[in-house]
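Below is one structure; the comments refer to it alone.
Protein chains: 2
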Amino acid sequence: MGDEMKIPQATAKRLPLYYRFINNLYLQGKLRVSSKELSDAVKVDSATIRRDFSYFGALGKKGYGYNVEHLLQFFRRTLDQDETTEVALIGVGNLGTAFLNYNFMKNNNTKIVVAFDANDGLVGTEIGGVPVAHIDDLEEKMGNVSVAILTVPSQAAQGITDRLVERGVSGILNFTPARISVPPTVRVHHIDLSVELQSLAYFLKHYPL
Amino acid sequence: MGDEMKIPQATAKRLPLYYRFINNLYLQGKLRVSSKELSDAVKVDSATIRRDFSYFGALGKKGYGYNVEHLLQFFRRTLDQDETTEVALIGVGNLGTAFLNYNFMKNNNTKIVVAFDANDGLVGTEIGGVPVAHIDDLEEKMGNVSVAILTVPSQAAQGITDRLVERGVSGILNFTPARISVPPTVRVHHIDLSVELQSLAYFLKHYPL
DNA sequence: CAAAAAACGTGATGAATTTCACAAAGTTAG
DNA sequence: CTAACTTTGTGAAATTCATCACGTTTTTTG
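If you're matching them up, the sequences are chains A and B in order.
Read in order, the letters of the first sequence are residues 23 to 231 in the numbering used here.
Read in order, the letters of the second sequence are residues 23 to 231 in the numbering used here.
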């Protein structure tokens with residue numbers, strides 16, 4: 023729990039990525055892997071990988087590399103893969119539906135357990151195995167999920183956010199273009215698809231490789 | 023064109039965000055805005071905003087703030103809003119369909135002009151006004167788009183990428199979990215939904231706010 | 001008009017992150 | 001067993017980025 027609180031955020035953001043690739047290697051039956059091989063796979067500099075791993079102690083062996091199974095077990099523990107985080111999805115539009123059908127993160131530690139929408143035609147149905155409830159019943163039916171995925175129209179974002187926060191949600195993955203306001207105890211990650219596309223276009227024009 | 027090449031990447035990534043909010047202000051009829059107000063709206067520290075703007079010269083006036091119209095025109099020019107970047111979308115699954123219907127970036131400088139899929143049932147149809155072609159006809163029908171959105175199954179990612187690169191694409195927005203390999207002249211932005219959700223969960227457990 | 005308030009632009013600082021580069025330790029081949 | 005090779009883990013340097021704090025300029029108020 024209250025482990026070493028000194029793992030850099032940049033490192034923490036890469037952990038799930040490492041986990042997935044190590045899992046792939048394991049499924050492929052690979053026994054060992056070097057930071058260089060892993061680097062080719064995840065496209066992160068090998069020195070960065072070694073540095074990242076080193077925050078957790080000496081996971082590898084000099085001249086050998088890393089034992090895949092050992093590494094996998096370590097990451098499973100570290101990322102709490104055994105304990106599932108329950109997630110609610112708000113807004114079953116195009117994007118929301120995609121996530122539900124995606125059967126998001128089948129092999130991961132997060133699971134969408136309930137969805138909400140204002141459209142009466144959807145309420146009561148199941149999409150991707152997830153029941154859809156009416157947004158008016160949010161407080162009543164969201165249980166005690168602590169994470170929400172927000173895929174509502176941007177005008178609705180702040181209102182819904184306030185209700186989620188009120189209800190005790192502590193993490194929000196915000197796919198709306200709106201920048202939502204939350205108390206300092208709530209963490210928000212923005213994924214702004216239009217900004218991503220535009221900034222890619224900007225980089226192409228102004229930062230030729 | 024060959025402007026000042028010294029704009030920090032972190033700044034460049036925020037430009038589209040600034041643009042959108044300034045545009046909102048303009049549509050609301052606001053005439054002026056301070057870095058503090060903008061900061062509240064986009065959730066970026068006001069000093070950071072002033073610093074970002076300063077890379078482009080003195081856009082504001084002391085004691086007054088920034089003139090919204092002037093700022094908007096400046097950003098429109100800087101982000102090449104007048105010149106539309108044509109984009110191809112590969113993979114009309116749940117996520118791809120969502121983007122097409124999203125009518126992505128109506129008011130922006132990027133536009134999906136063609137989509138591709140292997141499903142014969144989709145080929146020939148239009149989704150969100152975008153024609154869907156068969157993936158086998160990729161080379162023939164993609165025109166000279168320079169940016170592609172990749173929403174295919176991860177197994178197909180590298181193969182399609184190679185074809186895109188061969189065809190001259192210089193930017194890829196990759197929504198698959200695969201880390202694709204490209205020549206150094208091609209820019210890839212990864213948006214890894216599962217990593218985003220997992221890292222949010224990790225932060226919540228290990229970095230209490 | 002004068003004083004007070006607002007707000008920019010930026011030097012300086014500090015924090016976070018990446019990368020270099022190499023000693024130390026282990027592995028492999030003959 | 002020895003020599004050659006591999007690869008880690010990490011000090012130190014380099015880079016990138018965010019934030020502070022304040023002089024300066026302009027606006028606003030009385």
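Just so it is clear, CB atoms sit at the ideal spot from N, CA and C, and this is done for glycine as well.
Endpoints, alpha helix (DSSP H) assigned at residue i
i, result
"Pro38/A", "Gln31 to Leu49"
"Ile202/A", "It is not in any alpha helix (DSSP H) - Ile202/A carries neither H nor E in the DSSP assignment."
"Leu219/B", "Leu215 to His228"
"Leu186/A", "Ser176 to Glu188"
Opposing strand residues paired with residue i [DSSP bridges]
i, result
"Leu122/A", "The partner list for Leu122/A (beta bridge, DSSP) is empty, contrary to what the question assumes."
"Asn130/B", "None, per the DSSP bridge assignment."
"Val55/A", "Tyr88/A"
"Arg209/A", "Gly193/A"
Inter-residue Cα distance where the pair is residue i and residue j
i, j, result
"Glu218/B", "Leu117/B", "16 angstroms"
"Gln177/A", "Ala63/B", "14 angstroms"
"Leu81/A", "Tyr88/A", "7 angstroms"
"Thr107/B", "Ala223/A", "7 angstroms"
"Val204/A", "Gly193/B", "34 angstroms"
"Ala140/A", "Ala170/A", "16 angstroms"
"Val187/A", "Thr207/B", "44 angstroms"
"Pro38/B", "His92/A", "43 angstroms"
"Ala155/B", "Gly190/B", "19 angstroms"
"Lys84/A", "Gly150/A", "46 angstroms"
"Leu101/A", "Ala34/A", "10 angstroms"
"Lys58/B", "Arg36/B", "16 angstroms"
"Ile112/B", "Ala137/B", "6 angstroms"
"Glu26/B", "Gly79/B", "Note that Glu26/B scores a pLDDT of 49, beneath 50, so its modelled location is shaky; the value from the coordinates is reported in the next line. So the two alpha carbons sit approximately 11 angstroms from each other."
"Lys52/A", "Leu195/B", "30 angstroms"
"Gln31/A", "Gly146/B", "46 angstroms"
"Phe97/A", "Arg73/A", "15 angstroms"
"Arg42/B", "Asp159/A", "33 angstroms"
"Gly24/B", "Pro153/A", "For Gly24/B, the predicted structure reports a pLDDT of 40, less than 50, and the residue's modelled location is therefore unreliable. The matter cannot be settled from this model."
"Asp214/A", "Ile213/B", "10 angstroms"
"Gly165/B", "Val55/A", "42 angstroms"
"Ile44/B", "Ser61/A", "40 angstroms"
"Leu231/B", "Ser168/A", "14 angstroms"
"Val135/A", "Arg185/B", "38 angstroms"
"Lys65/A", "Gly143/A", "44 angstroms"
"Gly115/B", "Val174/B", "7 angstroms"
"Ala162/A", "Tyr40/A", "Looking at the sequence itself, residue 162/A is Glu, so the reference to Ala does not match. Each residue's alpha carbon lies about 37 angstroms from the other."
"Asp104/B", "Phe75/B", "21 angstroms"
"Asp67/B", "Val90/A", "42 angstroms"
"Leu49/B", "Leu94/B", "11 angstroms"
"Tyr77/A", "Tyr77/B", "36 angstroms"
"Val109/A", "Tyr86/B", "45 angstroms"
"Arg201/A", "Ala120/B", "21 angstroms"
"Ser216/A", "Pro199/A", "8 angstroms"
"Arg99/B", "Glu148/B", "32 angstroms"
"Leu47/B", "Ser221/B", "33 angstroms"
"Ala69/A", "His211/B", "21 angstroms"
Heavy atom of the ligand NAP within 7 angstroms of residue i beta-carbon
i, result
"Asp74/B", "With respect to the ligand NAP, the structure shown offers nothing to examine, as it has no ligands at all."
(message) I'd like the ranges of any beta strand (DSSP E) spanning at least 3 consecutive residues and lying wholly in the stretch 132-173 of chain A.
(response) 132-139, 152-156 and 169-172
(request) Give the residues from the stretch 163-192 of chain A that approach chain B closer than 8 angstroms (Cβ to any Cβ), ordered along the chain. (result) Ser168, Val169, Ile171 and Ser192
(message) Going residue by residue through the stretch 57-123 of chain A, where are the continuous beta strand (DSSP E) segments of at least 3 residues, counting only ones entirely within it?
(response) Within the stretch 57-123 of chain A, complete beta strand (DSSP E) segments of at least 3 residues are found at 107-112, given in chain order.
(request) Taking only beta carbons into account, state which residues of the stretch 91-114 of chain B come closer than 8 angstroms to chain A, listed in chain order. (result) Leu101, Asp102, Thr107 and Val109
(request) Closer than 9 angstroms, Cβ to Cβ, to anything on chain A: give me those residues from the stretch 213-231 of chain B, in chain order. (result) Ile213, Asp214, Leu215, Ser216, Val217, Glu218, Leu219, Gln220, Ser221, Leu222, Ala223, Tyr224, Phe225, Leu226, Lys227, His228, Tyr229, Pro230 and Leu231
(request) With 7 angstroms as the limit, tell me which residues of the stretch 43-70 of chain A have their beta carbon closer than that to any beta carbon of chain B; keep them in chain order. (result) Ala63, Val64 and Lys65
(message) Against chain A, which members of the stretch 74-89 of chain B pass a CB distance test of less than 7 angstroms?
(response) none
(request) For the stretch 195-212 of chain A, enumerate the residues whose C-beta is nearer than 7 angstroms to any C-beta of chain B, in chain order. (result) Those residues of the stretch 195-212 of chain A that come within reach of chain B (Cβ to Cβ, closer than 7 angstroms) are Leu195, Pro199, Arg201, Pro206, Thr207, Arg209 and His211.
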